[in-house]
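Q: Residue numbers (the working numbering): 1403 to 1746. Backbone N, C-alpha and C define an ideal beta-carbon position, used for all residues, glycine too. Predicted, not measured: the structure shown is a model, and the values here were computed from it.
Spelled out as structure tokens, the structure:
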């Protein structure tokens, strides 16, 4: 089984199994975490990724950590392409090396990761996870890319740009991290173009551009004139067939200036900044950091139209601006729907 197939719960670990990694004897005290760090000392941070640095999701973590490193706030080391069956070993090595904050994504190695955290109560762990933090494991916090706000706004734009009212959507796996973004996007589309049909497919991988591209070709052949590019490879197919695409997590318009209309961007900086501050203050505890990906927290945004400036209807962009304002002031809430999206 490849790293991609195993990454978020497809390595034989049931995603629906209740985590009991800490066990009865692993109840920890938050007092084990360092009470303070001298302000002038950069925090030692390490990260463990199961995919390449350039993969969309991981690239956001890597970018935010490097920015903090450049500001002198942290020392930062990272390892990419770590196999799930090797993840625990790398975690332990980084903990033994004196790193005080360890980042990563443990969707396929939940039990092992939490067991490591239980063995190193003086190290803070901030991990991408579908599960919630456990108060019995106070040095292990979770996060995820809750960018449904920006995904919804990108759907408003897509609804105005599709002419065939047929949109293709290619995702990695039908799990909450993907489903909620697809569903928010579809909700935005339907608000502008309620008669739109969707072709939804999952490629069973987090990083397989050729497979994503072939899946996108099939959807375009079936009438899609706009693609939701949740995976790398989809925009390549859209470019070759001269249809449009909407991006996810990162902005790739520079590479596809005539294809990618807009993207829902994830900004990991607020999440990381919160964790760094808590570790330095000695107040890090088991928390769900997912909220720091919300638009009102600065965790996501809609990319500029760039090369598509003036090509999206003016009334649509006014609607986008109004909805963005409402999201930020709390008068409108985008639904978080983790159910698997279906073709229609």
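May I ask which residues mark the beginning and end of the alpha helix (DSSP H) holding residue 1709?
A: Here residue 1709 refers to the residue found at position 307 of the chain shown. That residue, residue 1709, is in no alpha helix (DSSP H); it is neither H nor E in DSSP.
Q: Once the 5 residues before and after residue 1476 are set aside, which same chain residues still bring their CB inside 6 Å of it?
A: Reading the chain shown from its first residue, position 74 is the one you call residue 1476. Within the same chain, residue 1476 has close Cβ partners 1444, 1445, 1447 and 1470.
Q: Are residue 1490 and residue 1519 touching if we call contact CB-CB under 8 Å?
A: To locate residue 1490, count along the chain shown from 1; it is residue 88. To locate residue 1519, count along the chain shown from 1; it is residue 117. Contact flag unset, no.
Q: According to DSSP, which residues form a beta bridge with residue 1568?
A: The residue given as residue 1568 occupies position 166 in the chain shown. Answer by DSSP bridge pairing, in chain order: 1599.
Q: Tell me which residues share the same chain as residue 1709 and place their Cβ nearer than 8 Å to its Cβ, disregarding the 5 neighbours each side in the sequence.
A: For the purposes of this step, residue 1709 is taken as the residue at position 307 of the chain shown. Result list for residue 1709: 1655, 1659 and 1660, in chain order.
Q: Residue 1616 by DSSP, collapsed to three states: which one?
A: Taking the chain shown and counting its residues from 1, the one referred to as residue 1616 is at position 214. In the structure shown, residue 1616 sits in a helix (DSSP, three-state: H, G or I).
Q: For residue 1756, which of 1545, 1493 and 1506 has the nearest alpha-carbon?
A: Since the first residue of the chain shown is 1403 and the last is 1746, residue 1756 is not available in this structure.
Q: In this structure, what does DSSP give as the bridge partners for residue 1754?
A: Since the first residue of the chain shown is 1403 and the last is 1746, residue 1754 is not available in this structure.
Q: Under the rule that 16 or more other beta-carbon atoms within 10 Å means buried, what is residue 1598, buried or exposed?
A: As a working note, residue 1598 is residue 196 in the chain shown. Classification of residue 1598: buried, given that the 10 Å Cβ count is 16 or more.
Q: Could you check whether the segment 1697-1709 touches the segment 1547-1563, counting it as contact only if at least three pairs of C-beta atoms, one from each stretch, sit closer than 8 Å?
A: With a cut-off of 8 Å, the segment 1547-1563 and the segment 1697-1709 count as touching, because enough Cβ pairs lie within range.
Q: Give the DSSP-derived three-state secondary structure of residue 1501 in the structure shown.
A: For this step, residue 1501 is matched to residue 99 along the chain shown. In this structure, residue 1501 counts as coil in the three-state DSSP scheme.
Q: For the candidate residues 1481, 1463, 1455 and 1552, whose alpha-carbon lies nearest to that of residue 1727?
A: Walking along the chain shown from the start, residue 1727 turns up at place 325. Ranking the options by Cα distance to residue 1727, first place goes to 1552.
Q: Which residues in the same chain as residue 1611 place their Cβ atom closer than 8 Å to its Cβ, once the five residues preceding and following it in sequence are excluded?
A: Here the question's residue 1611 lines up with position 209 in the chain shown. Closer than 8 Å at Cβ, skipping near neighbours: 1633, 1634, 1635 and 1638.
Q: From this set, 1535, 1472, 1538 and 1681, which residue's C-alpha is nearest residue 1504's C-alpha?
A: Reading the chain shown from its first residue, position 102 is the one you call residue 1504. Looking at the Cα atoms, 1681 is the closest of the given residues.
Q: So for residue 1465, helix, strand or coil by DSSP?
A: Here residue 1465 is taken as the residue at index 63 of the chain shown, counted from 1. Note: residue 1465 maps to helix in three-state DSSP.
Q: Per DSSP, which one or two residues make a beta bridge with residue 1720?
A: Numbered from 1 along the chain shown, position 318 holds the residue referred to as residue 1720. Residue 1720 pairs with nothing; no bridge assigned.
Q: Would you report the Cα separation of residue 1669 and residue 1459, rounded to the nearest angstrom?
A: In the chain shown, counting from the first residue as 1, residue 1669 sits at position 267. In the chain shown, counting from the first residue as 1, residue 1459 sits at position 57. Answer to the nearest angstrom: the Cα atoms are 10 Å apart.
Q: How far does the beta strand (DSSP E) with residue 1477 in it reach, from first residue to last?
A: Mapped onto the chain shown, residue 1477 falls at position 75. Residues 1476-1481.
Q: Which of the three DSSP states is assigned to residue 1650 in this structure?
A: Sequence index remark: in the chain shown, residue 1650 carries index 248 (1-based). Looking at residue 1650 - three-state DSSP - the assignment turns out to be strand.
Q: Output yes or no for whether 8 Å exceeds the beta carbon distance between residue 1561 and residue 1629.
A: If you number the chain shown from 1, residue 1561 lands on position 159. If you number the chain shown from 1, residue 1629 lands on position 227. No.
Q: Please go through the same chain and pick out, in chain order, the residues whose beta-carbon is closer than 8 Å to the beta-carbon of residue 1534, but skip the five residues on each side of it.
A: As a position in the chain shown, residue 1534 is number 132, starting the count at 1. Only 1544 and 1690 meet the Cβ criterion.
Q: Cutting at 7 Å between CB atoms, please list the residues of its own chain near residue 1653, excluding the five before and the five after it.
A: Here residue 1653 corresponds to residue number 251 of the chain shown, with the count starting at 1. The answer, listed in chain order, is 1665, 1667 and 1705.
Q: Give the single residue among 1739, 1614, 1572 and 1606 whose Cα lies nearest to the Cα of residue 1600.
A: Translated into positions along the chain shown, residue 1600 becomes position 198. Checked all of 1739, 1614, 1572 and 1606; the closest Cα to residue 1600 is 1572.
Q: Out of 1714, 1697, 1716 and 1496, which has the shortest C-alpha to C-alpha gap to residue 1731?
A: Residue 1731 sits at position 329 when you count from the first residue of the chain shown. Here the closest residue by C-alpha is 1697.
Q: Suppose you measure from the CA of residue 1737 to the CA of residue 1707; what does that come to, to the nearest Å?
A: Translated into positions along the chain shown, residue 1737 becomes position 335. Translated into positions along the chain shown, residue 1707 becomes position 305. Roughly 24 Å separates the two Cα atoms.
Q: Can you tell me the Cα-Cα spacing of residue 1433 and residue 1510, whole angstroms?
A: As a first step, residue 1433 must be located in the chain shown, where it is residue number 31. As a first step, residue 1510 must be located in the chain shown, where it is residue number 108. Annotation note: pLDDT 40 at residue 1433 (below 50); position unreliable, coordinate value reported separately. Using only the alpha carbons, I get a separation of about 29 Å.
Q: Closest to residue 1587 by CA distance: which of 1692, 1649 and 1644 is it?
A: Within the chain shown, the letter at position 185 stands for residue 1587. Selected option, being the one with the closest Cα: 1649.
Q: Looking only at DSSP bridge pairs, what is residue 1459 linked to?
A: By 1-based counting over the chain shown, the position of residue 1459 is 57. Partner(s): none; residue 1459 has no beta bridge.
Q: Run through DSSP, which three-state label would residue 1631 get?
A: Reading the chain shown from its first residue, position 229 is the one you call residue 1631. Here residue 1631 sits in strand by DSSP.
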